[in-house]
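Residue numbers (my numbering), protein chains in the order written: chain V, 146 to 399; chain S, 146 to 399; chain Y, 47 to 348; chain D, 47 to 348. Beta carbons: idealized from backbone N, C-alpha and C, even for Gly. Please read all numbers here as calculations on a predicted model, not as lab measurements.
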Amino acid sequence: MKQFTASIINNQEIAQGYYQLDFSWHDNEEPKPGQFFTVKINNNSDPLLRRPFAFSGYDTKSKTASMIFQKRGTTTQMMAGKTANETIDIIGPLGNFFPAIKDQEAPLLIAGGIGLGPILYLARTLERQKTPYTFLFGAPDKALVPDSKWFYEAQPIICTDNGSKGFKGNPLQYIESRLQLEPKHSFYACGPMGMLKSAAALAEKNNLASYSVMEQMMACGVGACMGCVIKHKDGLKRVCVDGPVFNSKDILWT
Amino acid sequence: MKQFTASIINNQEIAQGYYQLDFSWHDNEEPKPGQFFTVKINNNSDPLLRRPFAFSGYDTKSKTASMIFQKRGTTTQMMAGKTANETIDIIGPLGNFFPAIKDQEAPLLIAGGIGLGPILYLARTLERQKTPYTFLFGAPDKALVPDSKWFYEAQPIICTDNGSKGFKGNPLQYIESRLQLEPKHSFYACGPMGMLKSAAALAEKNNLASYSVMEQMMACGVGACMGCVIKHKDGLKRVCVDGPVFNSKDILWT
Amino acid sequence: MDLSFTLRNKSLETAIGVASGTFGYGSEYEKLVDLSKIGAIFTKTVTLNKREGNDFPRIVETPSGMLNAIGLANVGIESFISQKLPMLQKMPCETICNIAGFSMEEYQEVLQKLEDSEAANFLWGYEINISCPNVCHGGLAFGVDVKAVETLTKALRQRTEKPLIIKLTPNVTDISEIAKAAEANGADALTCINTFVGMLIDIRKKIPVLANKTGGLSGPAILPLGIAAAYKVCRAVSIPVIGLGGISRWEDAIQYFMAGAKMIQVGTATFVDPSAPEKILLGVKKYCSENNYSKLSDLKID
Amino acid sequence: MDLSFTLRNKSLETAIGVASGTFGYGSEYEKLVDLSKIGAIFTKTVTLNKREGNDFPRIVETPSGMLNAIGLANVGIESFISQKLPMLQKMPCETICNIAGFSMEEYQEVLQKLEDSEAANFLWGYEINISCPNVCHGGLAFGVDVKAVETLTKALRQRTEKPLIIKLTPNVTDISEIAKAAEANGADALTCINTFVGMLIDIRKKIPVLANKTGGLSGPAILPLGIAAAYKVCRAVSIPVIGLGGISRWEDAIQYFMAGAKMIQVGTATFVDPSAPEKILLGVKKYCSENNYSKLSDLKID
Ligand SMILES: Cc1cc2nc3c(=O)[nH]c(=O)nc-3n(C[C@H](O)[C@H](O)[C@H](O)COP(=O)(O)OP(=O)(O)OC[C@H]3O[C@@H](n4cnc5c(N)ncnc54)[C@H](O)[C@@H]3O)c2cc1C
Ligand SMILES: Cc1cc2nc3c(=O)[nH]c(=O)nc-3n(C[C@H](O)[C@H](O)[C@H](O)COP(=O)(O)OP(=O)(O)OC[C@H]3O[C@@H](n4cnc5c(N)ncnc54)[C@H](O)[C@@H]3O)c2cc1C
Ligand SMILES: Cc1cc2nc3c(=O)[nH]c(=O)nc-3n(C[C@H](O)[C@H](O)[C@H](O)COP(=O)(O)O)c2cc1C
Ligand SMILES: Cc1cc2nc3c(=O)[nH]c(=O)nc-3n(C[C@H](O)[C@H](O)[C@H](O)COP(=O)(O)O)c2cc1C
Ligand code: FES
Ligand code: FES
């Protein structure tokens, strides 16, 4: 974990309102799939707080980290306007990461919308390790599906709510209608709350191992402010240090 | 007076930390020398308030207004980073303007530092009207003196405090040591408070007409907030609507 | 969509006004703002005597806000009646006259002069600025003292049939106590809130930036404080509350309406963007129609 | 340049601390911050019993600030002593333990447990969070009530010889009254200020953003409010004041020192930039040497 000024290497719109931003990495600690970092984009006080983003990839050779972000509010709007050689203030890597895939495990990687980042990173890592996996990506419409080159070597099964591309329906509907869930299957999910909740329920029903990347508003990102809590069976847990990856059975879904 | 979004046509560093920014003008009312406008550079709340700047020129044909600004705080830093085709929010023209030069009047145009803008605009206007004038520009060092091309057809007598360029001393020392003040002379000054005060005193002593462009922190720029007052012989006066050009004899210099 | 605001059977078409001290007397912004879109101008506070106000500097920017220590600069009630009222009457929106005094008597005298003046007939109502220091009472503001607010409200109520709005100061331990005191003594509505006491120091000159040392903090910085105050006051009284403090976007206005305010005012935001009140009006209208609200009071949450 | 801060013959080398609730127990920031540059860590408030704190969301950003309603989440005094103190003792800076209770007795019990514990010997002093609601007294915070502050300060003073710092809440009509009450009853210093009550409303969900409805406003937005409060308190009491509220740059810290504070704390700014406390220290040093100040107390202006 380190605070440093990163240079932007590339920043490109990869789908409607979605950007991939690659930046130089200056910590000896290499980011792992599931981990995140925080960004401060400006020198003044509005927006004030750092914003958390997941890693969507990391290239060890060039020491380049990647993220996929969606333009939503002030910070992400400013980020979208950044070009190569401009700088951003980074703290990372933060949080825990996905557990290692076990032998014989058949992981289902489930990404919804902007939850793509950490799942894509996991898929690419498994690809490199030659670990088999199934990767599903869901979006409301094909406009929100990046061109296949942005998935690199980890091509997902595309699901769209309106059927404008790939499977018509969301990744969970795909799983339920197309796959035969077996004990060896496990879930690694990131995306909207509703999707995570359904994934957790489905895993529970089939008694599968299941991990979710959780989100919560954050102030410090390092466990100091106690702001980013969610309900866990052992009480309130901080997403930033106790997560963001949680065993979905431990979460009290509300 | 109008609020509009201006396109930046050109923005260039013309001396150390000094920029000339040209922007499209969208009001039927054309800015006059001495008048100013206000800028809002960002969509968020830090920096919050609009910032006032004087016109340093206006081209009727191309409807292009110009300003000269110094990089000082947040707004001017952000302005320095703006490039052609980017936009800024403008309200103007605001305030009063220099009175017309009388027949036989021999105006001395005195600019100090970032006070250059309105005086340069006046000089260029007189040049075009073929009205004779003397134009003095003072700066601490030659690094703060723009290249002669930025004075266009209105080349000033350059004064530097350290003598690194032109006359060694400030414009008022130049006047006192080199010119024979006569009743036909008049002062039109903009620059640091100390310089304005000395100019006012010298004019007073020689019984000359004398005008100063005053500055004060502003919130509204249109006379509504009562924030930008200075001491005037008739009481407190608002720089934004009662000025910024004042008869220097009316100011209670402190 | 009904955006009106009613007090004593009088209605403003649009429950969005511009705040006292931030819009002059309307004419300053005439060229930049379509005044017909504004529910009411709350005038700069008028006092019995002409006041030049405080020494300068009087304003300074702060993070997402500004401090002002104008010191109630105004032409005084006589000139206000003769010079400002005729101008205000011509504006295509209603006028609510904001008044203050440095003693109980002064408040009453100012109000009485308006009541007695033909020229002031057109005024829609009065807003009473109680953040004014009480010179007869140790200089503490009227608005921090329950007793003073009771007496003042009662006295002013007796002198007018027009809507009487008390503008609360947030610089108190419990704003709802002051609110209740005003309600119990005849206020028709409460404006919530005036500015917070703040200070900045010029570290080069080694003196406070403002000549008056302290000033009032306004602007986006105080938005959450204003909403909290409005929410609290709306649950302490049953008369309408006018939300004010830090509103610069329509989303901010909706928050005040949800807190329970029945009208809002835009202050500092107008300095930043003179079209702010109009943009807020448009945004509020759009939000309400998209969310099927037919009147503003329906926005109030629990 | 002497940057020290002294109470009861105990000195902190550097009069720049990190504020309660914004720095955890030090270890959270260990990798990012050179703790030896920090005068003291003011720990997250510890209470008698373990507290999970409020429901979430607990934080939200506001213009130049943030609201928090953490609800004093902490492990409780027993676990604090057994788990947190050993960790804190190893840090290369001093620790000031911030405590609170929901009744007079709880405050005393927490303090007594620390006094009685060997493990707590190394603590430099105590900071008392009086913004805590008094459950036995209608839920109003202790810190808004002069009588409660008198009794509380006196009771705690009797139990310790260590520096006793009372942390004032700004949500009062006259903060100097509370300050004087604490001084008169044995406080060694006052921290000025805790957060302001604020609220934001989620206009999509139509509920307050924070589960607790209101939260405390901190960050640059409150800088001018904190400086005004510190300036006022510094002129009402003669014990040292520790300035806190909205400090994010060294220039802000200098303003507090000019207001009369003898130490400052950095809170929210650390979230934004963990190196803020260190940068502030460097800036303060540079300013003082350039302006020929040899000790911080010389910065105080009239
Ligand atoms: C651990 C973690 C990892 C994340 N990874 C990514 C990522 O890889 N890519 C990505 O695009 N986004 C990610 N996010 C979300 C991202 O942090 C927000 O989109 C970002 O903070 C928005 O900032 P903004 O200033 O642009 O928008 P704001 O102006 O702050 O807000 C815009 C909108 O987003 C909402 N919002 C802001 N922050 C959050 C939040 N933390 N949770 C829920 N709603 C929020 C606001 O309520 C508002 O409606 C992640 C969040 C967390 C906690
Ligand atoms: C009528 C008028 C015309 C002006 N014309 C020009 C011009 O042509 N070119 C130009 O460069 N500047 C001009 N100024 C000054 C200009 O407004 C300030 O430089 C600008 O506001 C600085 O903004 P900032 O956000 O960059 O700096 P800030 O962060 O606001 O401040 C930086 C520094 O400047 C000081 N400062 C800011 N505003 C003022 C002010 N109004 N008066 C005195 N000190 C101030 C601050 O105290 C601080 O030390 C003019 C001012 C007025 C009132
Ligand atoms: C420059 C300025 C002058 C003000 N003058 C007055 C005044 O004369 N009377 C009054 O009641 N309020 C006055 N106010 C307070 C505003 O009406 C309003 O209550 C406050 O600014 C908070 O709203 P805002 O954050 O939207 O600006 C003034 C505010 C500013 C910024
Ligand atoms: C997330 C958060 C948690 C806080 N928790 C506490 C606390 O437990 N005890 C306390 O006395 N103050 C607490 N505070 C208040 C700070 O110590 C400080 O008084 C306040 O934030 C103002 O300073 P700032 O603007 O520099 O943050 C907390 C503040 C924040 C932002
Ligand atoms: S963001 Fe501060 S504890 Fe998680
Ligand atoms: S800036 Fe508002 S009156 Fe001049």
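Practice problem: For Ile213 (chain V), verify whether its CB is less than 7 angstroms away from any heavy atom of ligand 1. | Solution: Within the first sequence, the letter at position 68 stands for residue 213 (chain V). Proximity of the beta carbon of Ile213 (chain V) to ligand 1 is indicated: a heavy atom of the ligand is located closer than 7 angstroms.
Quiz prompt | Lys252 (chain D): contacting residues in chain Y (beta-carbon distance under 9 angstroms) | solution = Reading the fourth sequence from its first residue, position 206 is the one you call residue 252 (chain D). Under the 9 angstroms cutoff, chain Y gives Met304, Asn337, Leu345 and Ile347.
Quiz item: Taking 8 angstroms as the CB-CB limit, is Ser110 (chain D) close to chain S?
Solution: In the fourth sequence, the residue the question calls residue 110 (chain D) occupies position 64. At least one C-beta of chain S is nearer than 8 angstroms to the C-beta of Ser110 (chain D).
Self-check item: heavy atom of ligand 4 below 7 angstroms from Asn217 (chain D) C-beta
Solution: For the purposes of this step, residue 217 (chain D) is taken as residue 171 along the fourth sequence, with counting starting at 1. No heavy atom of ligand 4 is found nearer than 7 angstroms to the CB of Asn217 (chain D).
Quiz item: Which parts of the region 276-310 of chain V are runs of the beta strand (DSSP E), unbroken and 3 residues or longer, counting only runs that do not cross its ends?
Solution: For the region 276-310 of chain V, the continuous beta strand (DSSP E) assignments of 3+ residues that do not extend past its boundaries occur at 279-284 and 302-305, in sequence order.
Quiz item: Is there at least one non-hydrogen atom of ligand 4 closer than 7 angstroms to the beta-carbon of Lys213 (chain D)?
Solution: One-based indexing of the fourth sequence puts residue 213 (chain D) at position 167. Lys213 (chain D): yes, Cβ under 7 angstroms from ligand 4.
Exercise. List the DSSP bridge partners of Ser355 (chain V).
Key: Counting from one through the first sequence, the residue named residue 355 (chain V) turns up at place 210. Residue pairing by DSSP puts Ser355 (chain V) in a beta bridge opposite V:Phe332.
Self-check item: When S:Leu166, S:Lys208, S:Pro176 and S:Ser211 are compared against Thr228 (chain S), the one with the closest alpha-carbon
Solution: The residue given as residue 228 (chain S) occupies position 83 in the second sequence. Per the Cα distances, S:Leu166.
Exercise. State the CB to CB distance for the pair His171 (chain S) and Phe149 (chain S), rounded to an integer number of angstroms; the pair is presumed to be in contact (CB under 8 angstroms).
Key: Along the second sequence, read from residue 1 onward, the residue named residue 171 (chain S) stands at position 26. Along the second sequence, read from residue 1 onward, the residue named residue 149 (chain S) stands at position 4. Cβ-Cβ separation between His171 (chain S) and Phe149 (chain S): approximately 4 angstroms, consistent with a contact (criterion under 8 angstroms).
Self-check item: Integer Cβ distance of Gln155 (chain Y) from Val367 (chain S), believed to fall under 8 angstroms
Solution: As a position in the third sequence, residue 155 (chain Y) is number 109, starting the count at 1. As a position in the second sequence, residue 367 (chain S) is number 222, starting the count at 1. Per the sequence presented here, residue 155 (chain Y) reads as Glu, with Gln not at that position. Actually they do not touch by this definition, with Cβ atoms about 31 angstroms apart.
Quiz item: With which residues is Gln215 (chain S) paired in a DSSP beta bridge?
Solution: Against the second sequence, residue 215 (chain S) aligns to sequence position 70. S:Tyr163, per the DSSP bridge assignment.
Quiz item: For the region 343-362 of chain S, which residues have a CB atom closer than 9 angstroms to at least one CB atom of chain Y, in sequence order?
Solution: For the region 343-362 of chain S, residues whose beta-carbon sits nearer than 9 angstroms to a beta-carbon of chain Y comprise Gln361 and Met362.
Practice problem: Answer with buried or exposed for Glu173 (chain Y), where buried requires no fewer than 16 other C-beta atoms within 10 angstroms of its C-beta. | Solution: Sequence index remark: in the third sequence, residue 173 (chain Y) carries index 127 (1-based). The C-beta of Glu173 (chain Y) has 16 or more other C-beta atoms within 10 Å across all chains shown, which makes the residue buried.
Self-check item: Segments of 3+ residues assigned as beta strand (DSSP E) that fall wholly inside the region 193-268 of chain Y
Solution: Counting whole runs of 3 or more residues, the region 193-268 of chain Y contains the beta strand (DSSP E) stretches 210-214, 235-238, 242-244 and 261-264.
Quiz item: At least one CB of chain V closer than 8 angstroms to the CB of Ala233 (chain D): is that the case?
Solution: Along the fourth sequence, read from residue 1 onward, the residue named residue 233 (chain D) stands at position 187. The beta carbon of Ala233 (chain D) sits no closer than 8 angstroms to any beta carbon of chain V.
Quiz item: Along the chain, which unbroken stretches of the alpha helix (DSSP H) at least 4 residues long are found entirely within the region 345-399 of chain S?
Solution: Counting only runs of 4 or more residues that sit fully inside the region 345-399 of chain S, the alpha helix (DSSP H) segments are 384-387, in chain order.
Quiz item: Just curious, the alpha helix (DSSP H) that Pro316 (chain S) is in, first and last residue?
Solution: On the second sequence, position 171 is the one that residue 316 (chain S) refers to. For Pro316 (chain S), the uninterrupted alpha helix (DSSP H) segment begins and ends at Pro316 to Arg323.
Quiz item: So is the beta-carbon of Arg383 (chain V) under 7 angstroms away from any non-hydrogen atom of ligand 5?
Solution: Translated into the one-based positions of the first sequence, residue 383 (chain V) becomes position 238. Annotation for Arg383 (chain V) indicates a beta carbon within 7 angstroms of some heavy atom of ligand 5.
Quiz item: Can you name, in chain order, every residue of its own chain whose Cβ lies under 8 angstroms from the Cβ of Ala257 (chain D), other than the five neighbours on each side?
Solution: Walking along the fourth sequence from the start, residue 257 (chain D) turns up at place 211. Answer for Ala257 (chain D): Asn100, Asp101, Phe102, Pro103, Arg104 and Ala115, listed in chain order.
Exercise. Identify which residue in V:Ile302, V:Ala346, V:Glu175 and V:Met359 has its Cα closest to the Cα of Lys394 (chain V).
Key: Residue numbering aside, residue 394 (chain V) sits at position 249 when the first sequence is read from its first letter. Closest by C-alpha distance to Lys394 (chain V), out of V:Ile302, V:Ala346, V:Glu175 and V:Met359, is V:Ala346.
Exercise. May I ask you to verify whether the region 325-336 of chain D touches the region 259-276 of chain D, counting CB pairs closer than 8 angstroms and requiring at least 3?
Key: As far as the Cβ criterion goes, the region 325-336 of chain D does not touch the region 259-276 of chain D, which means the pair count is below three.
Self-check item: Closest residue to Val79 (chain D) among D:Thr215, D:Lys332 and D:Thr316 (Cα-Cα distance)
Solution: Reading the fourth sequence from its first residue, position 33 is the one you call residue 79 (chain D). Closest option to Val79 (chain D), Cα to Cα, is D:Thr316.
Quiz item: Nearest chain Y C-beta to Asp191 (chain V) closer than 8 angstroms, yes or no?
Solution: In the first sequence, residue 191 (chain V) corresponds to position 46, counting from 1. Yes, its Cβ sits closer than 8 angstroms to a Cβ of chain Y.
Quiz item: Any idea what DSSP makes of Ser57 (chain Y), helix, strand or coil?
Solution: On the third sequence, position 11 is the one that residue 57 (chain Y) refers to. Ser57 (chain Y): strand per DSSP, three-state reduction.
Quiz prompt | As assigned by DSSP and simplified to three states, the class of Gly139 (chain D) | solution = Within the fourth sequence, residue 139 (chain D) is the residue found at index 93, counting from 1. Strictly speaking, residue 139 (chain D) in this sequence is Cys, with Gly absent from that position. Looking at Cys139 (chain D) - three-state DSSP - the assignment turns out to be coil, as it is neither helix nor strand.
Practice problem: Quick one: grab the DSSP three-state call for Ile176 (chain Y). | Solution: In the third sequence, the residue the question calls residue 176 (chain Y) occupies position 130. For Ile176 (chain Y), the secondary structure class from DSSP, reduced to helix, strand or coil, is coil.
Quiz prompt | Chain-order list of residues whose beta-carbon lies under 6 angstroms from that of Ala227 (chain D) (same chain, five-residue window excluded) | solution = Numbered from its first residue, the fourth sequence carries residue 227 (chain D) at position 181. Result list for Ala227 (chain D): Val192, Val195 and Glu196, in chain order.
Self-check item: Inter-residue spacing [alpha-carbon to alpha-carbon] between Ile285 (chain Y) and Ala233 (chain Y)
Solution: Start at 1 with the first residue of the third sequence, and residue 285 (chain Y) comes out as number 239. Start at 1 with the first residue of the third sequence, and residue 233 (chain Y) comes out as number 187. Taking the Cα positions, Ile285 (chain Y) is about 8 angstroms away from Ala233 (chain Y).
Quiz item: Taking only beta-carbon atoms, is Thr220 (chain V) less than 8 angstroms away from chain S?
Solution: Here residue 220 (chain V) refers to the residue found at position 75 when the first sequence is read from its first residue. Taking Cβ atoms only, chain S never reaches closer than 8 angstroms to Thr220 (chain V), which makes this a no.
Practice problem: Specify the secondary structure class of Ser152 (chain S) as computed by DSSP and reduced to three states. | Solution: What you label residue 152 (chain S) is simply residue 7 of the second sequence in a count that begins at 1. When DSSP states are grouped into helix, strand and coil, Ser152 (chain S) belongs to the strand group.
Quiz item: Do three or more CB pairs link the region 240-247 of chain Y to the region 105-114 of chain Y at distances below 8 angstroms?
Solution: The answer is yes - the region 105-114 of chain Y touches the region 240-247 of chain Y, with three or more Cβ pairs under 8 angstroms.
Quiz item: Where Asn230 (chain V) and Lys332 (chain Y) are concerned, what is the direct C-alpha to C-alpha distance, given to the nearest angstrom?
Solution: Counted from its first residue, the first sequence places residue 230 (chain V) at position 85. Counted from its first residue, the third sequence places residue 332 (chain Y) at position 286. Straight through space, the alpha carbons of Lys332 (chain Y) and Asn230 (chain V) are spaced by roughly 41 angstroms.
Quiz prompt | Gln311 (chain D) - partner residues in DSSP beta bridges | solution = The residue you call residue 311 (chain D) lines up with position 265 of the fourth sequence. Partner residues in the beta bridge of Gln311 (chain D), as assigned by DSSP, are D:Gly63 and D:Leu290.
Self-check item: Backbone secondary structure at Val121 (chain Y) - three-state DSSP
Solution: Position 75 of the third sequence, counted from the first residue, corresponds to residue 121 (chain Y). Looking at Val121 (chain Y) - three-state DSSP - the assignment turns out to be coil, as it is neither helix nor strand.
Quiz prompt | Residue range of the beta strand (DSSP E) that includes Met112 (chain D) | solution = Stepping through the fourth sequence from its first residue, residue 112 (chain D) is reached at position 66. Here the beta strand (DSSP E) through Met112 (chain D) covers Gly111 to Asn114.
Quiz item: Taking the runs of the beta strand (DSSP E) that are 3 residues or longer, which of them lie wholly in the region 182-241 of chain S?
Solution: Within the region 182-241 of chain S, the complete beta strand (DSSP E) runs of at least 3 residues are 196-199, 202-204, 209-215 and 232-239.
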